[in-house]
Every structure is written in C-alpha cells, then in structure tokens.
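In what follows, a structure is listed as structure tokens, so that the remarks can point back to it.
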DNA sequence: AGCTAAACGAACATATTATAACATTTACAC
DNA sequence: GTGTAAATGTTATAATATGTTCGTTTAGCT
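In structure tokens form, the structure reads like this:
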C-alpha cells in the first residue's frame with residue numbers, strides 16, 4: 281500500500297514535472313531507456329520520446345536508440361529565472377518581422393529580453409553579421425552560429441538575471457558603432473514613452489540608441505499602456521516599432537505621428 | 281476521526297491558506313497537478329489555476345500544462361572543451377596558496393585558465409570582494425557567491441572557448457583598477473618570460489598587470505621551461521609567483537632574483 | 001551482406017488542460 | 001438587510017498533450 285502510494289507520486293504528473301524527473305535519473309545512472317521510463321511513469325513510449333526530444337533541446341542530453349545519455353560537452357550554468365512566456369506566439373511573430381530588417385554584413389545590437397532572444401534564434405543562419413549584446417542568453421544562443429560574431433558587453437552580473445548592466449556596460453557600449461539596435465520594453469506609455477523595469481537597463485538602452493544608426497523597439501500589445509519604473513526615451517527616438525495587430529489602431533496611429541515606422545504582425 | 285479532521289482542514293480554506301498548502305506540496309512531490317489539487321481542496325480547477333498564477337508571481341513555482349513545478353534554473357550553455365586536467369592536485373594546492381593572498385574588501389582580477397578557475401572555487405566564501413574576469417567559467421562559478429560581485433569583461437566570444445578576448449576586452453579592462461591580479465600561464469621560460477598560447481590573451485594579460493596594483497602568476501612545475509606563441513612579459517613584472525615544489529630549486533632561485541616573491545606548495 | 005526485432009518518427013484521433021468571458025457565490029462593511 | 005468587492009464557479013473555445021497506427025530506420029546478429 282505504501283509502495284503503491286510512493287509510485288503514485290510519479291504518475292499523473294504534468295509533463296514538465298516528468299521531464300524534470302527524467303533529468304534527475306541521470307544523477308544516478310549514466311543513461312536512461314525509453315521503455316523503462318514509459319513503464320515507470322505509466323505513459324506511452326511515444327510520450328517519453330517527446331520528453332527526451334524536449335530535453336535534448338533544453339537540458340543537455342543526447343538521444344540514443346532506446347534512450348538517452350548525458351551530453352559530452354561541459355556546460356557553464358548561469359542563472360535564468362525561467363519566466364512564463366506571456367505572448368509567446370506574438371513575440372515569435374514580432375521577432376520574425378524584425379529579422380527581415382537585418383541584412384548581411386550589418387553590426388547589430390541586441391538588448392536583453394525574451395523578444396530579442398527570439399530574434400537571436402532567428403539570426404542563427406545569418407551571414408557575416410556582428411551581434412553586440414549585454415545578454416548572456418543571446419550570447420549563448422548565437423555562440424555556435426558560423427555567420428555571427430558575438431561581442432558580449434562587459435558589466436556586473438545581476439544575480440538571477442542572465443544579463444550585464446552597470447557603468448562598465450555603458451562604457452563598453454560606447455566603444456562600438458552599430459547599424460541597427462533591437463530593444464525590448466517593459467512598457468510603452470500611451471504618449472509613446474518607453475519604460476524599463478530596471479533603471480540600469482534604461483540607461484543602457486538609451487546609449488544603445490545613440491551608438492546605433494537606427495533603432496527598433498519590439499513590444500507585444502500587452503505592453504502598450506503599461507508603465508514601469510524607468511523611462512528611457514520615447515518612440516520619437518526610434519526608427520521602427522514592431523508590435524502585433526492586437527494593439528489598438530488608434531494608438532498606433534498616434535505613435536506613427538511621433539516618427540517611427542510602425543510594423544504590425546498578425547497573431 | 282483524526283483523518284476526517286485532517287481532510288476537513290483542507291476544505292473551505294481562505295485562498296491564502298490554500299495557496300500556502302499548495303506550496304508545501306512541492307516538498308513532497310516534484311510537481312503538482314491542477315486536477316489533483318482541485319480534488320484535494322474540493323474547489324474547481326479554475327480556482328487552482330488562479331492560485332498557481334498567484335504563486336507564480338511570487339517567483340517560487342512555474343506553471344505548466346496540467347499543474348506546476350518548482351522554478352528551474354534554465355541553463356545557458358557555453359561550450360567548454362573540457363581539457364584534461366594535467367596536474368589537478370598541484371593546481372588545487374597552488375590555488376589554495378593564492379587564496380591566502382586575498383583579503384576582504386579587495387578588488388581582484390582573475391584571468392582565464394584552469395588554475396585560476398580553481399581559485400575562483402575557493403573564493404566563493406570570500407567577504408565583500410569584487411572579481412573582474414574575462415572568463416565565463418569564473419563568472420559562472422562565482423555568480424551565486426553572496427560576498428562576491430562579479431564583473432565580466434566584454435569582448436568577443438571565442439568559439440569553443442569560455443572566455444572573452446579582443447580589443448573590447450582590453451578597452452573594458454582599462455576602465456578598472458584592482459588590488460591584485462591572478463594570472464595563469466601556458467609557459468614560463470627559463471629566463472622568466474611568461475608565455476600565452478594565444479596572442480590576444482597575452483595582450484589582455486599585459487593590461488591586467490598594469491591596472492592592478494599587484495599581480496600574481498600561478499603555474500605548476502610542468503609549465504616551467506615551456507614556451508608558447510606569445511610572450512606577455514617576464515616574472516620581473518609580477519609580485520608573486522606560486523608553483524609547486526616539483527619545480528627545480530635552482531631555477532626558482534634564479535626567478536627570485538628577478539623580483540617576485542616565490543611561493544611553493546607541496547604536491 | 002542480409003535478416004530480424006526493436007525502436008523511431010510522422011500523422012492522425014482523442015483526451016486533457018488553458019483561457020477568457022460571464023455568472024454566481026461569499027464576505028464584510030454600513 | 002443591502003451594496004459592494006473579492007473570490008469562486010461555469011461555459012465555450014482554443015491550445016496542448018497523449019495515445020495509436022503504420023511505414024521507415026536502426027542495432028545487433030548470423
């Protein structure tokens with residue numbers, strides 16, 4: 281009876297919990313088998329395969345026939361509070377549109393943020409570009425891209441945040457000149473003000489726009505009308521503003537009058 | 281009777297109490313399911329979802345399909361060709377000796393390298409120090425240390441190497457002043473010359489010594505008598521040289537005449 | 001090489017869960 | 001009581017996860 285209850289703990293778990301459990305199996309054993317896990321968690325083998333496929337993307341295992349083993353290469357772990365993606369689809373669509381602005385040979389600046397991180401994913405197959413970023417996540421994403429040179433800005437590592445800020449970042453940024461800067465935002469005021477939830481990030485964002493010839497703000501519609509701690513400028517200072525069509529047309533029209541080219545995407 | 285009372289305790293609770301209870305579930309299980317909790321607390325699934333949404337904001341958990349799991353730190357992977365540790369014991373002993381040179385409140389520079397990485401491990405419990413480094417491995421190691429502020433230098437990410445180099449790194453380094461710089465070396469010539477196997481690292485090392493009041497070179501005996509591509513200076517430029525006792529005493533005596541304090545450790 | 005059993009992946013069908021909007025209940029002040 | 005706000009429940013629809021089937025690939029064997 282007791283045994284049964286303990287086993288039950290491993291059943292009827294949400295998929296993410298099951299995947300975490302699978303990962304922990306590697307602490308005990310060097311490898312796992314699909315059939316064994318299927319039995320253990322009382323799900324079909326197909327589900328385990330899908331779990332392993334997810335883990336292969338995220339969690340550094342290597343799939344084999346019949347199971348998986350730990351990845352060979354060594355990892356450096358950086359803290360990253362896995363925030364919930366709020367408008368994942370919109371962010372991806374916005375990133376796709378942003379990708380179209382990029383041409384071969386350009387030097388880009390990529391800000392911290394989930395939307396810019398999505399853009400980084402799409403830039404993996406770019407040719408001969410340089411990406412300057414304060415984000416360890418962006419750097420991690422692009423480090424293997426053959427056509428991309430990654431320059432990480434210096435600075436203080438904020439605890440629990442995968443990015444760099446501070447005076448050093450600002451000084452470091454001043455060393456560069458870029459063609460195009462992509463920035464996220466934690467809020468866009470109805471008057472077009474751009475907000476960050478962190479003062480240091482706001483200062484960095486301001487400098488990014490100065491050292492880049494053109495700049496582009498990426499924000500899904502949920503950010504519009506929101507404010508946050510620090511204002512880093514207004515849409516009058518940027519050249520492109522990309523959002524999704526769920527944003528009120530009247531407000532976008534007002535934003536357009538400030539100067540930036542407004543681009544909207546479907547989802 | 282007892283059982284009944286315990287079950288009853290879980291029903292008709294104010295929302296905050298229920299949320300606390302949910303949080304405690306994570307101590308027992310790897311994750312919780314919406315349907316299970318709904319049954320357990322005798323409320324609708326929607327209510328549980330709202331509870332989890334609240335708990336998610338408090339940063340403890342992460343919602344998933346079907347339930348929630350504890351927030352997991354996402355790993356940012358940086359390639360790290362795990363080189364074979366040649367004189368692991370000697371390097372650890374050298375790092376222990378280097379650790380003794382560090383005092384609270386100091387600003388340190390830690391170079392790239394396996395020996396300096398060992399030192400980073402020992403610095404985790406230091407109080408109120410600042411570590412400036414071009415090494416992602418060092419930064420990763422120290423990011424959670426409460427008494428350590430980590431400043432990562434900017435620069436180009438070398439493919440397959442966990443460190444930053446290039447003109448940006450050099451400029452960035454110039455922004456700082458430190459009390460003590462710790463450097464590794466790929467070779468120490470019999471004349472006291474310090475060698476790196478990478479030209480860019482050599483330039484960075486040279487600047488490190490300039491911006492630091494004192495400097496310390498860490499190298500096990502196998503490096504003595506070796507040369508490498510780039511010479512970044514000589515032992516006459518450094519204040520401390522730490523190696524292990526397997527190094528020939530005659531050569532160490534000659535090194536001492538150049539100026540640095542020579543420290544040897546047993547293994 | 002050729003064979004065989006196991007494992008894989010794609011596509012579809014099904015079941016479960018999430019979200020948003022609205023309806024209802026509860027709690028509490030007055 | 002009555003009004004109000006917060007919490008909870010309900011429903012329809014969308015999104016996601018899972019199971020199943022089947023043709024293909026793979027590992028291991030002779």
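Protein chains in written order, with my numbering: chain A, 281 to 547; chain B, 281 to 547. Even glycine gets a Cβ: it sits at the ideal position worked out from N, Cα and C.
Please confirm whether residue i and residue j have their CB atoms less than 8 Å apart.
i: residue 335 of chain B; j: residue 328 of chain B; result: no
i: residue 402 of chain A; j: residue 419 of chain A; result: no
i: residue 447 of chain A; j: residue 416 of chain A; result: no
i: residue 464 of chain A; j: residue 396 of chain A; result: yes
i: residue 229 of chain A; j: residue 536 of chain A; result: The shown model of chain A, from 281 to 547, leaves out residue 229 of chain A, and the question about it has no answer.
i: residue 481 of chain A; j: residue 445 of chain A; result: yes
i: residue 414 of chain A; j: residue 497 of chain A; result: no
i: residue 347 of chain A; j: residue 324 of chain A; result: no
i: residue 399 of chain B; j: residue 369 of chain B; result: no
i: residue 547 of chain B; j: residue 521 of chain B; result: no
i: residue 331 of chain A; j: residue 302 of chain A; result: yes
i: residue 510 of chain B; j: residue 478 of chain B; result: yes
Could you check what DSSP says for residue i in three-state terms: helix, strand or coil?
i: residue 295 of chain A; result: helix
i: residue 415 of chain B; result: strand
i: residue 441 of chain B; result: coil
i: residue 570 of chain B; result: The structure shown does not extend to residue 570 of chain B, since chain B is modelled only from 281 to 547, so the question has no answer here.
i: residue 461 of chain A; result: strand
i: residue 348 of chain A; result: strand
i: residue 397 of chain B; result: helix
i: residue 491 of chain B; result: helix
i: residue 382 of chain A; result: coil
i: residue 530 of chain A; result: helix
i: residue 498 of chain B; result: strand
i: residue 364 of chain A; result: Caution is warranted here: a pLDDT of 47 is assigned to residue 364 of chain A, below 50, making its placement in the model unreliable, and the coordinate value is therefore given only provisionally. Residue 364 of chain A falls in the coil class under three-state DSSP.
i: residue 507 of chain A; result: coil
i: residue 342 of chain B; result: strand
Hey, quick one: how far does the alpha helix (DSSP H) through residue i stretch, first residue to last?
i: residue 314 of chain A; result: 314-321
i: residue 328 of chain A; result: 325-338
i: residue 309 of chain A; result: Per DSSP, residue 309 of chain A belongs to no alpha helix (DSSP H) and is neither H nor E.
i: residue 453 of chain A; result: 447-454
Residue i lies in the beta strand (DSSP E); which residues open and close that run?
i: residue 523 of chain B; result: 520-524
i: residue 541 of chain B; result: 541-545
i: residue 474 of chain A; result: 473-476
i: residue 587 of chain A; result: Examination of residue 587 of chain A is not possible in this model, given that chain A is present from 281 through 547 alone.
i: residue 388 of chain B; result: 387-390
i: residue 512 of chain A; result: 510-514
Contact between the stretch 450-461 of chain A and the stretch 380-397 of chain A (3+ Cβ pairs under 8 Å): By the C-beta criterion, the stretch 450-461 of chain A is judged to be in contact with the stretch 380-397 of chain A, since at least 3 inter-stretch pairs fall below 8 Å.
Cβ contact check for the stretch 513-525 of chain B and the stretch 466-475 of chain B: 3 or more pairs under 8 Å: Yes, they touch.
Residues, ordered as in the chain, of the stretch 476-493 of chain A that lie near chain B by beta-carbon distance below 7 Å: Taken residue by residue, none of the stretch 476-493 of chain A has a beta-carbon sitting less than 7 Å from a beta-carbon on chain B.
Touch test, the stretch 428-448 of chain B against the stretch 529-543 of chain B, Cβ-Cβ under 8 Å, three pairs minimum: They do not touch, by the three-pair rule.
Meets three-Cβ-pair contact criterion under 8 Å: the stretch 421-428 of chain A and the stretch 395-410 of chain B: No, the stretch 421-428 of chain A is not in contact with the stretch 395-410 of chain B.
Where the stretch 412-440 of chain A meets chain B: residues whose CB sits under 8 Å from a CB there: Listed in sequence order: 416, 417, 419, 420, 423, 424, 429, 430, 431, 432, 433, 434, 435, 436, 437, 439.
Residues of the stretch 288-317 of chain A whose Cβ lies closer than 7 Å to any Cβ of chain B, in chain order: From the stretch 288-317 of chain A, only 289, 292, 293, 294, 295, 296, 297, 300, 301 have a Cβ closer than 7 Å to chain B.
Contacting positions in the stretch 449-463 of chain A - beta carbon closer than 7 Å to chain B: For the stretch 449-463 of chain A, which is checked against every Cβ of chain B, the residues closer than 7 Å are 451, 452, 455.
Near-chain A residues of the stretch 380-399 of chain B (beta-carbon distance less than 9 Å), N- to C-terminal order: The residues in question: there are none.
Residues of the stretch 366-378 of chain B with Cβ closer than 9 Å to any Cβ of chain A, in chain order: Look at the stretch 366-378 of chain B: it has no residue with a C-beta under 9 Å from a C-beta of chain A.
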